[in-house]
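What follows is a single structure, written as structure tokens, with notes after it.
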Amino acid sequence: MFAQGIVLYYLLYGKDSIKMSSKQLMVISITLLVGLAAPQTQLVPEIFYYGLAFLVLVIALRGIRSKLLFNLFFLYIGEISYTLYLSHWAVIYFVRKFKLINLFSVYNEPLAVGNFILNYGIILTFSIAISTLLHYTIERPMQTLGKKLSKKRVKPALDAV
416 MFAQGIVLYY LLYGKDSIKM SSKQLMVISI TLLVGLAAPQ TQLVPEIFYY GLAFLVLVIA
476 LRGIRSKLLF NLFFLYIGEI SYTLYLSHWA VIYFVRKFKL INLFSVYNEP LAVGNFILNY
536 GIILTFSIAI STLLHYTIER PMQTLGKKLS KKRVKPALDA V
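The numbers in the working numbering rise by one with no breaks, and the one at position 21 of the sequence shown is 436.
In structure tokens form, the structure reads like this:
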């Protein structure tokens, strides 16, 4: 799956981006669907087909900017995503420790769904708040420092040439 992400990056953003026609994408999509419908073997695991199907989907949609996906909220989540990834487990730990989730007893399925949505909202809210704080107080200043240090380090190497 990781290798598919690398391939996807070069397909979408590489200087020599591969151009594929709709017919080619259709052939690839049909091949993937047949692969998913066929009995699975140990030779090619099922997850590989799902990854390829996602890859084809992204390539097919590469020229379309959806207002649903490209709005201020999702762009901001993309900006803090690394910090969000690192901090959400700590948020889950502390939310559980201070009993801020599972606020009501679950007796039936609708209550379970409501409880899940409430828990998800609480964790997401705290995670975004903590990630925002960490992003602006630690991550950005460290990125700025890293850029300054890398510029200083590159100059002497270039002067020697």
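Ideal placement from N, C-alpha and C gives every residue a C-beta, glycine not left out. Note that this is a predicted model, so its numbers are computed, not measured.
{"Check": "Contact check, residue 498 vs residue 549, beta carbons under 8 Å", "Outcome": "yes"}
{"Check": "Residue 510 versus residue 568 - alpha carbon distance", "Outcome": "43 Å"}
{"Check": "Contact set for residue 537: own chain, Cβ-Cβ below 8 Å, skip 5 residues either direction", "Outcome": "510, 515 and 516"}
{"Check": "Presumed contact (8 Å Cβ cut-off) between residue 495 and residue 559, rounded CB distance", "Outcome": "16 Å between Cβ atoms; not a contact."}
{"Check": "Residue 520, DSSP secondary structure in three states", "Outcome": "coil"}
{"Check": "Rounded distance between the beta-carbons of residue 469 and residue 506, thought under 8 Å", "Outcome": "Residue 506 to residue 469, Cβ: 28 Å. No contact."}
{"Check": "Simplified DSSP state of residue 563, which is helix, strand or coil", "Outcome": "helix"}
{"Check": "Backbone CA spacing between residue 557 and residue 566 [nearest angstrom]", "Outcome": "14 Å"}
{"Check": "Beta carbon of residue 513 nearer than 8 Å to that of residue 530", "Outcome": "no"}
{"Check": "Length of the line joining the Cα atoms of residue 502 and residue 527", "Outcome": "26 Å"}
{"Check": "Which of helix, strand or coil DSSP assigns to residue 525", "Outcome": "helix"}
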